[in-house]
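The block underneath contains the structure these notes are about, expressed in structure tokens.
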Amino acid sequence: MAHTAACNGRHLTEQRLARWLLMAHDRADTDRFPITHELLSMMLGVRRAGVTVAAGSLQRAGLIRYERGQVEVVDRNGLEHAACECHAAAQAAFERLLGPGPG
Numbered sequence: 000m001a002h003t004a005a006c007n008g009r010h011l012t013e014q015r016l017a018r019w020l021l022m023a024h025d026r027a028d029t030d031r032f033p034i035t036h037e038l039l040s041m042m043l044g045v046r047r048a049g050v051t052v053a054a055g056s057l058q059r060a061g062l063i064r065y066e067r068g069q070v071e072v073v074d075r076n077g078l079e080h081a082a083c084e085c086h087a088a089a090q091a092a093f094e095r096l097l098g099p100g101p102g
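Residue numbers for the sequence shown follow numbering that gives the first Met the number 0, beginning at 0 and rising by one.
And the structure:
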């Protein structure tokens, strides 16, 4: 939790959104999953308008598709490059504690 708090204070909204979407994608068994701007804004600690701007940027870059509460990860490698380095650290901690996720 401390790592997430530090990440939220240090990195850009777009980087944090990419990290959060990667974490959700890691635990989903599909590239497309339901998620709202409201939930993302709470998870990232930003206003919904900030999520709209960040998601739009990731979508224009061809990394995700976002519409009507559905996100589709289109370019996983690109999303990993857009994310801050905290995703790799969080994934390593997750796997150390709970084992590898699906996929």
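Beta carbons: idealized from backbone N, C-alpha and C, even for Gly.
For E37, the three-state secondary structure derived from DSSP is helix.
A straight-line Cα-Cα distance of about 16 Å links L43 and G55.
Going by DSSP, V52 is part of the alpha helix (DSSP H) stretching over R47 to R59.
Beta-bridge partners assigned by DSSP to E71: R31 and R64. Separation of the CB atoms of F32 and V70 is rounded to 6 Å, and the pair is thereby assigned contact status at 8 Å.
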